[in-house]
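Step one of this worksheet: look at the structure below.
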Amino acid sequence: MQNSLPSIEILKQQFGNSQIDFIPVSAELIKARLQFSTHASAEIHLQGAHLTQWTDTQGEDNLFNSPDAVYQRGTAIRGGNPIIFPQFGAGILPQHGFARNSIWRVIKTQTSDAGTEICLALTSDDLSPAWRQQWKHLFELQLTLSLNETLTTRLQIKNIDTQDFSFTFGFHTYLAVGDIEKIKINGFKGCEYMDNLLERKIFLEQREAVKLNGFTDRRYQAVPEEIILTDCVRNKLITLKTSGCDDAFLWNPWHTTEKNFRDLTPNSYQKFVCIEPGKMQKSIVLSPSQIFTATQQLTCQTI
Ligand code: TA6
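Now the structure itself:
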């Protein structure tokens, strides 16, 4: 089956319930809406298994979505949490690979007092012919989104081929901020980082708290499992707790490069920071039948 969109009616019948609904975004896109407790909710698009909205138990949105985001087949949505696979950044494939702009299939949903959950899958058979032509390995991805007082994304990557294949990946998370110049990020002290703005040279992060004051595009390496964003305008503490993620990109285009992105509204750079846990510096090699799992748990506290 190649990347075809299922009908909303069938999705509702098979996977919908009082906590999970399916909503048309355009003639080409569908998203699932998950509810937990009174206020907590999340929205995830079938294209890319792309989380675009997370409202916490206080009823506040914590992910950035560009007002100029493009919602059409094959175009990655600017914002939320794009899943980057099988290539992070530039390389033999187009930037950031195909996972974020392919249609994934809903394979399971469940709701309980513990939370509301949806699982989506993407296999090599689901890819468009163009993508299959560029990346011939046989794989299966499964993404499970679990919403309760926190929001957990679990990504499982399985090699269903007869040969090894290698990949890089990332959770390209756009966190909403009140003012990019009034945040700090703790967790990178003592990590080396490759700076894309300084000829990809390697530096050592000495700061306890990283603050941004300009265009930033760097890959922190051997990062801890916990990274904390403090937002002094929103009075929020957002914790990213990860597993399987050795690295984390830190990116903000600033006004210097924001204009290069037609789906970024002018000055919107002030309203988000991308903290992107994953594995980018070194590829992961998967042997046949081997499964790699990575998770990102987002927790929000008011300070
Ligand atoms: O955040 C890492 C990065 O590769 C940046 O260098 C920038 O290109 C960003 O991703 C956005 O990429 P995209 O393909 O989503 O426009």
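In the working numbering, the protein residues as written are 7 to 309. Don't be surprised by glycine CBs; every beta carbon is placed ideally from N, CA and C.
- Exclusion of the five residues before and after Gln64 leaves His45, Thr308 as the residues of its chain whose Cβ lies within less than 7 Å of its Cβ.
- Around the beta carbon of Thr299, a 10 Å sphere encloses fewer than 16 other beta carbons of the protein chains shown; the residue is thus reported as exposed.
- At least one heavy atom of ligand 1 falls within 7 Å of the beta-carbon of Glu282.
- His178 and Ile16 have their C-alpha atoms roughly 30 Å apart.
- Taking the Cα of Trp257 as reference, the smallest distance to any Cα among Ser24, Trp60, Gly85 is reached at Gly85.
- Non-local beta-carbon contacts of Tyr275 in its own chain, meaning distances under 7 Å to residues more than five positions away in sequence, involve Ile186, Asn258, Pro259, Trp260, His261, Glu264 in chain order.
- In the DSSP assignment, Glu49 is bridged to Arg39, Gln59.
- Here the region 97-109 does not lie against the region 275-295, with fewer than 3 beta-carbon pairs under 8 Å apart.
- Per DSSP, reduced to three states, the secondary structure at Glu264 is helical.
- According to DSSP, Arg160 shares a beta bridge with Thr150, Thr301.
- Only buried fits Pro88, as 16 or more other CB atoms lie within 10 angstroms of its CB.
- Taking C-beta atoms as the reference points, Val229 and Phe278 fail to come closer than 8 Å.
- Boundaries of the alpha helix (DSSP H) around Glu15: 14-21.
- The closest heavy atom of ligand 1 lies 7 Å or more from the beta carbon of Asn87.
- By the CB criterion at 8 Å, Trp60 and Leu69 fall inside the cutoff.
- Comparing alpha carbon positions, the residue from Thr117, Gln287, Ala33, Leu128 closest to Thr174 is Gln287.
- The region 150-164 makes contact with the region 122-131, as at least three CB pairs between them are under 8 Å.
- In the same chain as Asn219, and ignoring 5 residues on each side of it, the C-beta atoms closer than 8 Å to its own belong to Glu187, in chain order.
- Between Ala254 and Glu282, the C-beta gap is smaller than 8 Å, which places the two residues in contact.
- The three-state secondary structure of Ile83, taken from DSSP, is coil.
- Taking non-hydrogen atoms of ligand 1 into account, the C-beta of Gln101 is found less than 7 Å away from one of them.
- At least one heavy atom of ligand 1 sits closer than 7 Å to the Cβ of Asp223.
- Judged by beta-carbon spacing, Thr305 lies within the 8 Å limit of Thr245, meaning their Cβ atoms are closer than that value.
- Relative to the non-hydrogen atoms of ligand 1, the Cβ of Phe175 never comes closer than 7 Å to any of them.
- DSSP, read as helix, strand or coil, puts Ala182 in strand.
- In this structure, the alpha-carbon of Gly54 lies about 5 Å from that of Ser108.
- Bounds of the alpha helix (DSSP H) holding Arg138 are 135-140.
- The straight-line gap separating the alpha-carbon atoms of Gly250 and Ser172 is approximately 15 Å.
- Burial of Gly121 is indicated by the presence of at least 16 other C-beta atoms within 10 angstroms of its C-beta.
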